[in-house]
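Take a look at the structure below.
Residue numbers (the working numbering): 148 to 562.
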């Protein structure tokens, strides 16, 4: 299998932000948050282990970030460690209504957090962490949807929006073993996309991590804690002819699969998918096919057909515009030469027949002149002159005029 290619997701990691807080605070303009009129309070709580039978973590680092959300700044950072029972506390925090706070349990690759504001209960803050697992058995896909909002017929291209619902039914957090040198998509949370996609962008409400593009789609290396999460994606897809096939692999099953196409711009069919229906979303109508209850490891052979294609005029125009001018000129020149050759060939074939027809007319004219001369209707001088001219023209029509040996052997008029 092709080794995954890493593409970094937009950074949303609070832990990373926390590590950069000191630098950011030194570079940003200072603001005065100290105000004697603002009361202070303690933020206290505990870190609990949500895995059944696990002990509360002791000695775990906990960070408190003070955020100015209007300015997009981390204005302060404090750390402490958990004591017995996973307890922690931050003392004398100014309860400024202009600020917000985030409590983070720094637990290796997994950093669960809780957000607070000035109106929150600061006395019993609970941050939940979990034991680790490398097993994917508790992870499933609740929904897989692809929406094609529009299609560019001339370019045979479509923009695609996708939404995936992901669920971890266990009580452990799945974390990939990125130290494994043989890491492949089979060891990751992976999803299927149509072949030939480009410009993939992925967002999710999972903890921060990476997207890895693999041969059949993409995979995630982000931790997946217990609960339900959403993954949103966009990409571009080009097709040939008027359709394409999409082998939709569902390694984690699928409670619901939905594919949507603009109404009147194609057809969708697939194994386990119901008949197409028409549904209005917003102000637009779509053709929709759905399927439910797909087991883990299922494969749905989806077929898109009767998609829009460019007109003949658009195809010819695009063909010319996409080629360098030299081949185009050569192509046009070839057409002109073929036309000229055909014209010359027709003339060459028609020429002998025309000449033969003209010669017969001249021979008949000579014979008629001979009869008139024999009948005494033309005097001799006129007869000889006209006959010589007709004969010259007859010889010229056959191409014999002026050639050696072609002089007339008839020098005496007929009696």
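Backbone N, C-alpha and C define an ideal beta-carbon position, used for all residues, glycine too.
Since this is a predicted model, take the numbers as computed values, not measurements.
Inter-residue CB distance, residue i and residue j (contact presumed, cutoff 8 Å)
i           : j           : result
residue 194 : residue 235 : 7 Å
residue 399 : residue 287 : 5 Å
residue 210 : residue 253 : 6 Å
residue 241 : residue 264 : The pair is not a contact, with the Cβ atoms about 13 Å apart (cut-off 8 Å).
residue 346 : residue 382 : 6 Å
residue 541 : residue 510 : 6 Å
residue 452 : residue 390 : 4 Å
residue 366 : residue 335 : 4 Å
Cβ shell of residue i (< 7 Å), same chain only, five flanking positions each side left out
i           : result
residue 315 : 285, 286, 321, 371, 372, 373, 374
residue 425 : 410, 432, 434
residue 173 : Residue confidence for residue 173 is low, a pLDDT of 43 falling below 50, so the modelled location carries little weight and cannot support an answer.
residue 216 : 247
Residues near residue i in its chain [Cβ-Cβ closer than 6 Å; skip 5 each side]
i           : result
residue 405 : 292, 437
residue 393 : 341, 449
residue 290 : 312, 403
residue 319 : 198, 277, 278, 280
residue 192 : 271, 272, 273
residue 305 : 295, 298, 384
residue 354 : 369, 370
Which of helix, strand or coil DSSP assigns to residue i
i           : result
residue 520 : helix
residue 256 : coil
residue 533 : helix
residue 190 : strand
residue 425 : strand
residue 149 : The predicted position of residue 149 is uncertain, since its pLDDT is 44 and thus under 50; no value can be drawn from it.
residue 527 : helix
residue 456 : coil
residue 314 : strand
residue 185 : coil
residue 540 : helix
residue 106 : There is simply no residue 106 to check, as the chain begins at 148 and stops at 562 in what is shown.
residue 432 : strand
Environment of residue i [buried if 16+ CB atoms lie within 10 Å]
i           : result
residue 202 : exposed
residue 189 : exposed
residue 178 : Confidence at residue 178 is low in this model, with a pLDDT of 48, below 50, so the placement of that residue should be treated as unreliable; the coordinate-derived value is given next. With fewer than 16 Cβ atoms within 10 Å of its Cβ, residue 178 is classed as exposed.
residue 454 : buried
residue 243 : buried
residue 337 : buried
residue 250 : buried
residue 368 : buried
residue 576 : Any answer about residue 576 is impossible in this case: the structure gives the chain only from 148 up to 562.
residue 186 : exposed
Same chain, Cβ closer than 8 Å to residue i, five either side skipped, listed in chain order
i           : result
residue 516 : 525, 530, 533, 534, 537
- Query: Along the chain, which unbroken stretches of the beta strand (DSSP E) at least 3 residues long are found entirely within the segment 318–406?
  - Reply: If we require 3 residues or more, the beta strand (DSSP E) runs fully inside the segment 318–406 come out as 319–321, 336–339, 344–351, 357–361, 364–367, 374–385, 391–397.
Ordered list of beta strand (DSSP E) runs contained in the segment 220–296, each at least 3 residues:
List check, beta strand (DSSP E) in window: 220–228, 234–241, 247–253, 260–263, 272–276, 278–280.
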